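**Q** Residue numbers (the numbering used here), protein chains in the order written: chain A, 2 to 551; chain B, 3 to 176. Don't be surprised by glycine CBs; every beta carbon is placed ideally from N, CA and C. Since the model is a prediction, treat every value here as computed from it, not as a measurement.
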């Protein structure tokens, strides 16, 4: 394939799409699929055929449309009308009333002018919900692979890295390491063989951003990886994806096959000297494999145990070769940056955290689903404008970000701008983007215990602070939650937590005490109310003052 | 006597044809040791679970020490070393499901089946499995019921799902 071929293919596909008077997009991602979107598909196809309009109107299965809690979702182009809770009967109504008579099916209408839609800013998810994720031509028609073409035919690897550096893009896996800097290090590493790895081991409970991108727009990730391969000098890429995501795996396999067939992956890409292959590696349910050195071990077919860094994977990674590891969302940002320029991207978000972030909103919130917002947006706007607040009759208590390594953010910090640095100041963590809202029914000691139970189970057992420390922390929390803890146990919790944080080998252990620290900081009274009263000792300092005065 | 055409690997002495399927995956990865996890995925897909003989077979085929194969198979949660029941009920214990009451469902289901999560009923009908997060947080609380995601569960609807299995079992004459 040449650049001209790509352009021609894009034009052909755009022409094909223009032939249709309407295009009906139904969400076929995992969320809607589990509430019956395949039945919707069949009903739509049947209705179109029965009315004899299958040539003028097409039904297209797409990725996530965002409002997962109200699925299955259907959107009509060109007018952009969106329907929720669509079942087979509604699908028929949509064909009969909306398509044939131009009148909207008011019962199932989604208000697309609501803040849930208007406050979002989509870069990573720009194609999610508007292209057929299983059809490479639709991605190409949406300017897909144009960035790869530009990079391979017009830019030197150093220029690409400069562009990424100037954009200010930072790793979306959570730690926020500057992406351009990482690419530069791998490029400089002297080695014949280098690798590019995409971390799609989205293990944080409550997070489904990467899954949605892989299901809805897999080619975007492949394109980002190929651009990375060209820039750092790698000819082989691996995507390490969780076994828990069968649909994402299936779509990735298909996407790789189609890209290879079109010559967009493989040898002599765009008739240049650049070769790049991508293979899938399926995880097997170990949370620690999200840590980069453990992930490398797992790709090598070994137990996923981390090792001390340095050397960083950028110097010595997969099979000892320099390896670039980025998260799905990071790779998904690459093609738009090349296409629209680093200045455009740097202008979005805040000076230190450029661009957007995808969040998975879940828990006690009205609009559960997938959102993308500019960095720096206040948490309050995410939860109350976009998320619609907590369901009626319940009161917001805390928002949890960063999964088992993150923290709970209470009401008083709701005006915090969401970026890498601000979240750290309140003891939380950007993490990969899971955002779970809790109301008064969630007991914070139980929440801390829940996360510690997770870490106990997922600790790989290599280093002692994590292996033993998490168990001891869990036991302390259990003791407190049973009402048998004392004030000494609270102090011990703090002390032991600090030790585990400071001495563990990898991010799992280092982050494990964070839920305890943040709940102790903001909800200490919940711990104290569970303590066993000790004779002659009063927990609260104020109360103590009054007793001494008396 | 003529040799059979291209016998790359000898047929398994048990005569179990499923080993041929497994051999195909092993050949695809050129018997490389680093394909161990891929091969174990295939083995579990074909046989349902990984019994000791199967691990021995894989170790031999990939020329790896058995300790390495066993180590990997036990390290990863996804691999099962014991057979599962006819039906599996995988309850998501992710944060979103937890916040929305997965613990209540867990207790109701355990009480109904008289077993704990991680166990299989004595009649090999139902296995209860807990998952870290199945990524359908928008529909919490969820369970994966025989590979289908069941959304927005309540303790009652979860138990009803399991009762359905038990009913169909009774209808089938033994």
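Pull the bridge partners of residue 130 of chain B from the DSSP assignment, please.
**A** The count along the second chain starts at 1 and reaches residue 130 of chain B at position 128. Residue 130 of chain B is bridged to B:91.
**Q** Expressed to the nearest angstrom, what Euclidean distance is found between the alpha-carbon atoms of residue 89 of chain A and residue 334 of chain A?
**A** In the first chain, the residue the question calls residue 89 of chain A occupies position 88. In the first chain, the residue the question calls residue 334 of chain A occupies position 333. Taking the straight line from one Cα to the other gives about 36 Å.
**Q** Mind checking whether residue 75 of chain B and residue 437 of chain A have CB atoms under 7 Å apart?
**A** Here residue 75 of chain B is taken as the residue at index 73 of the second chain, counted from 1. Here residue 437 of chain A is taken as the residue at index 436 of the first chain, counted from 1. Between residue 75 of chain B and residue 437 of chain A, the CB-CB gap reaches or exceeds 7 Å.
**Q** Would residue 517 of chain A count as contacting chain B if we go by Cβ distances under 7 Å?
**A** As a working mapping, residue 517 of chain A is identified with position 516 in the first chain. Taking Cβ atoms only, chain B never reaches closer than 7 Å to residue 517 of chain A, which makes this a no.
**Q** Distance cutoff 7 Å, beta carbons only. Does residue 38 of chain B sit that close to anything in chain A?
**A** By one-based count along the second chain, residue 38 of chain B stands at place 36. Yes, because at least one Cβ of chain A sits closer than 7 Å to the Cβ of residue 38 of chain B.
**Q** Return the residue from the list B:92, B:142, B:102 and B:136 that minimises the CA-CA distance to residue 122 of chain B.
**A** Numbered from 1 along the second chain, position 120 holds the residue referred to as residue 122 of chain B. Nearest neighbour of residue 122 of chain B by Cα position, chosen from B:92, B:142, B:102 and B:136, turns out to be B:92.
**Q** Starting from the Cα of residue 305 of chain A, find the closest Cα among A:311, A:325, A:259 and A:283 and give me that residue.
**A** For the purposes of this step, residue 305 of chain A is identified with residue 304 of the first chain, where counting begins at 1. The shortest Cα separation from residue 305 of chain A among A:311, A:325, A:259 and A:283 belongs to A:283.
**Q** Can you pull the chain B neighbours of residue 219 of chain A, defined as C-beta to C-beta under 7 Å?
**A** Residue numbering aside, residue 219 of chain A sits at position 218 when the first chain is read from its first letter. Those do not exist, as residue 219 of chain A stays about 16 Å from chain B at its closest Cβ, beyond 7 Å.
**Q** What does a CB cutoff of less than 6 Å around residue 82 of chain B pick up in its chain, not counting 5 residues either side in sequence?
**A** Counting from 1 along the second chain, the entry for residue 82 of chain B is found at position 80. Correct list, in chain order: 51.
**Q** Out of B:107, B:126, B:31 and B:100, state which residue places its alpha-carbon closest to the alpha-carbon of residue 155 of chain B.
**A** By 1-based counting over the second chain, the position of residue 155 of chain B is 153. Out of B:107, B:126, B:31 and B:100, B:107 has the C-alpha closest to the C-alpha of residue 155 of chain B.
**Q** From residue 76 of chain A to residue 82 of chain A, what does the alpha carbon distance come to, in whole angstroms?
**A** Numbered from 1 along the first chain, position 75 holds the residue referred to as residue 76 of chain A. Numbered from 1 along the first chain, position 81 holds the residue referred to as residue 82 of chain A. The straight-line gap from Cα to Cα measures roughly 6 Å.
**Q** Any Cβ of chain B within less than 7 Å of the Cβ of residue 212 of chain A?
**A** Numbered from 1 along the first chain, position 211 holds the residue referred to as residue 212 of chain A. Answer yes: the Cβ-Cβ gap between residue 212 of chain A and chain B drops below 7 Å somewhere.
**Q** Using alpha carbons as the reference points, say which of A:478, A:228 and A:215 lies closest to residue 247 of chain A.
**A** Taking the first residue of the first chain as 1, we reach residue 247 of chain A at position 246. Closest option to residue 247 of chain A, Cα to Cα, is A:215.
**Q** Tell me, please, which residues DSSP counts as bridged to residue 163 of chain A.
**A** On the first chain, residue 163 of chain A is found 162 positions in, with the first residue counted as 1. Residue 163 of chain A is not bridged to any residue.
**Q** Could you name each continuous alpha helix (DSSP H) segment of 4 residues or more that falls completely within the segment 451-528 of chain A, going from the start of the chain to the end?
**A** 465-482, 488-504, 508-512 and 515-523
**Q** For the alpha helix (DSSP H) holding residue 401 of chain A, just list the boundary residues, first then last.
**A** Numbered from 1 along the first chain, position 400 holds the residue referred to as residue 401 of chain A. Premise fails: residue 401 of chain A lies in the beta strand (DSSP E), 397-402, not in any alpha helix (DSSP H).
**Q** Quick check on residue 551 of chain A: does DSSP put it in helix, strand or coil?
**A** Position 550 of the first chain, counted from the first residue, corresponds to residue 551 of chain A. Per-residue confidence for residue 551 of chain A stands at a pLDDT of 37, beneath the threshold of 50, marking its modelled position as unreliable; no derived number is given.
**Q** Beta carbon of residue 292 of chain A, beta carbon of residue 307 of chain A: below 7 Å?
**A** Taking the first residue of the first chain as position 1, residue 292 of chain A is located at position 291. Taking the first residue of the first chain as position 1, residue 307 of chain A is located at position 306. Result yes, Cβ atoms of residue 292 of chain A and residue 307 of chain A sit closer than 7 Å.
**Q** Residue 124 of chain A and residue 23 of chain A - do their beta-carbons sit closer together than 7 Å?
**A** For the purposes of this step, residue 23 of chain A is identified with residue 22 of the first chain, where counting begins at 1. For the purposes of this step, residue 124 of chain A is identified with residue 123 of the first chain, where counting begins at 1. Cβ distance not < 7 Å, so residue 23 of chain A and residue 124 of chain A don't count as in contact.
**Q** Looking at the unbroken alpha helix (DSSP H) that takes in residue 99 of chain B, where does it start and where does it end?
**A** Translated into positions along the second chain, residue 99 of chain B becomes position 97. Per DSSP, residue 99 of chain B belongs to the alpha helix (DSSP H) from 97-101.
**Q** Considering residue 60 of chain A, what are the terminal residues of the beta strand (DSSP E) in which it resides?
**A** As a position in the first chain, residue 60 of chain A is number 59, starting the count at 1. Element bounds for residue 60 of chain A: 58-63.
**Q** Closer than 7 Å, Cβ to any Cβ of chain B: which residues of the segment 44-69 of chain A, in chain order?
**A** 69
**Q** What does the Cβ neighbour count give for residue 188 of chain A, buried or exposed, with the cut at 16 atoms within 10 Å?
**A** Here residue 188 of chain A is taken as the residue at index 187 of the first chain, counted from 1. By the neighbour-count criterion, in which 16 or more other beta carbons inside 10 Å mark a residue as buried, residue 188 of chain A falls on the buried side.
**Q** Express the C-alpha separation of residue 78 of chain A and residue 58 of chain A in angstroms, rounding to a whole number.
**A** Position 57 of the first chain, counted from the first residue, corresponds to residue 58 of chain A. Position 77 of the first chain, counted from the first residue, corresponds to residue 78 of chain A. Their Cα atoms are separated by approximately 10 Å.
**Q** By alpha-carbon positions, which one of A:393, A:361 and A:374 ends up nearest to residue 400 of chain A?
**A** Numbered from its first residue, the first chain carries residue 400 of chain A at position 399. When each option's Cα is compared against that of residue 400 of chain A, the closest is A:361.
**Q** For residue 138 of chain B and chain A, any beta-carbon pair shorter than 7 Å?
**A** Here residue 138 of chain B is taken as the residue at index 136 of the second chain, counted from 1. Interface residue, yes.
**Q** I'd like the span of the beta strand (DSSP E) that includes residue 94 of chain A, first residue to last.
**A** Locating residue 94 of chain A in the first chain gives position 93, counting from the first residue. Not the beta strand (DSSP E): residue 94 of chain A falls in the alpha helix (DSSP H), residues 89-94.
**Q** Is there contact here, the segment 165-174 of chain A with the segment 24-38 of chain A, by at least three beta-carbon pairs under 8 Å?
**A** no
**Q** Using a Cβ-Cβ cutoff of 7 Å, what residues of the segment 133-165 of chain A are near chain B? List them in chain order.
**A** none
**Q** Tell me whether the beta-carbon of residue 209 of chain A lies closer than 7 Å to the beta-carbon of residue 115 of chain B.
**A** If you number the first chain from 1, residue 209 of chain A lands on position 208. If you number the second chain from 1, residue 115 of chain B lands on position 113. Result no, Cβ atoms of residue 209 of chain A and residue 115 of chain B do not sit closer than 7 Å.
**Q** Measuring alpha carbon to alpha carbon, tell me which residue in A:56, A:364, A:86 and A:199 is nearest residue 142 of chain B.
**A** Counted from its first residue, the second chain places residue 142 of chain B at position 140. Among A:56, A:364, A:86 and A:199, the Cα nearest to that of residue 142 of chain B belongs to A:364.
**Q** Report the CB separation of residue 242 of chain A from residue 281 of chain A in whole angstroms; it is logged as a contact under 8 Å.
**A** As a first step, residue 242 of chain A must be located in the first chain, where it is residue number 241. As a first step, residue 281 of chain A must be located in the first chain, where it is residue number 280. Rounded, the Cβ-Cβ distance is 6 Å, consistent with contact.
**Q** When the cut-off is 7 Å and only beta carbons count, does residue 80 of chain B lie next to chain A?
**A** Locating residue 80 of chain B in the second chain gives position 78, counting from the first residue. Cβ-Cβ to chain A under 7 Å: yes for residue 80 of chain B.
**Q** Under 7 Å between beta-carbons, which chain B residues line up against residue 363 of chain A? List them in chain order, please.
**A** Looking up residue 363 of chain A in the first chain gives position 362. Those within 7 Å of residue 363 of chain A in chain B are 98, 139, 140 and 142.
**Q** Could you tell me whether the segment 217-232 of chain A touches the segment 129-148 of chain A, using the rule of 3 or more Cβ pairs below 8 Å?
**A** Cβ pair count under 8 Å is three or more, so yes.
**Q** Hey, how far is the Cα of residue 84 of chain B from the Cα of residue 56 of chain B?
**A** For the purposes of this step, residue 84 of chain B is taken as the residue at position 82 of the second chain. For the purposes of this step, residue 56 of chain B is taken as the residue at position 54 of the second chain. Each residue's Cα considered, the two are about 12 Å apart.
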